[in-house]
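Asker: Got a structure for you, questions after.
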Amino acid sequence: MALSQKVLRRIKQQGVKVGTSSRARSLPSKVILESDHETTQSDPRLKRRKVGHKGDKEIELPALKVKVEELAPKVQTYEVQVSDLSTRCTALEGEKEELTDQLCSTFKQGFQLALDQVKILCPTVDVSEADITKKVVDG
């Protein structure tokens, strides 16, 4: 059974935390309003749109306010879902750490049991140089 180098290093240095994740969100840094265009600095892929006449804005504004009021509950629902998922993610990362520690400890115990059996079956063999991280090459 081949173990990854990461797990072997983890066994060697039990104090190191492996598998922590960080998420970065890409949010626009700021919105610039120009005379005829509205753009977002952080995402050049966004299309520029022309600002209409003043009369169009007066017609469009109430419709947009209604739309904002309709979408506000959805935003709150999604924020709660994001919070729940973040909590679940943190719990799963903690569980992953525990399972990794259990795997390392079980592997170390199995290796030590195998060395003890070799010492009993063949007492003349020097197993002091045996290490869990060493590999047999051309052996």
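Residue numbers for the sequence shown follow the working numbering, so the first one is 4 and each next one is one higher. Every residue, glycine too, gets a C-beta built ideally from N, C-alpha and C.
(1) Got a sec? Which residues, its chain only, sit under 8 Å from LEU118 by beta carbon, not counting five neighbours each side?
(2) So, under 8 Å CB-CB, THR136 and LYS9 are touching, yes? Tell me the CB distance rounded to an integer number of Å.
(3) Going by DSSP in three states, CYS125 sits in which element: helix, strand or coil?
(4) I'd like to know whether the C-beta atoms of ARG13 and CYS92 end up nearer to each other than 8 Å.
(5) What three-state label does DSSP hand VAL83 in the structure shown?
(6) Taking the straight line between their C-alpha atoms, what separation do you get for LEU64 and ASP87?
(7) Where ALA27 and GLN115 are concerned, what is the direct C-alpha to C-alpha distance, given to the nearest angstrom?
(8) Since VAL128 contacts VAL139 with CB under 8 Å, what's their CB separation in whole angstroms?
(9) Would you identify the three-state DSSP class for VAL140, choosing helix, strand or coil?
(10) By the three-class DSSP mapping on this structure, what secondary structure does ASP59 have?
(11) For ALA66, name the three-state secondary structure that DSSP assigns.
(12) Here's the rule: buried if 16 or more other CB atoms are within 10 angstroms of the residue's CB, otherwise exposed. What is ALA5?
Answerer: This is what the structure holds:
(1) Hits under 8 Å: VAL130, ALA133.
(2) Approximately 12 Å separates the beta-carbon atoms of THR136 and LYS9; this is outside 8 Å, ruling out the contact.
(3) Three-state DSSP puts CYS125 in coil, outside helix and strand.
(4) No.
(5) In this structure, VAL83 counts as helix in the three-state DSSP scheme.
(6) Whole-angstrom Cα-Cα distance: 34 Å.
(7) Residue confidence for ALA27 is low, a pLDDT of 39 falling below 50, so the modelled location carries little weight; the figure read from the coordinates is stated next. Straight-line Cα distance between these residues: approximately 42 Å.
(8) Not confirmed; about 15 Å, so no contact.
(9) For VAL140, the three-state secondary structure derived from DSSP is coil.
(10) Helix.
(11) DSSP places ALA66 in helix when its eight states are reduced to three.
(12) Unreliable positioning characterises ALA5 in this predicted model, as indicated by a pLDDT of 48, which lies under 50. The coordinate reading is nonetheless provided below. The residue is exposed, with fewer than 16 neighbouring Cβ atoms inside 10 Å.
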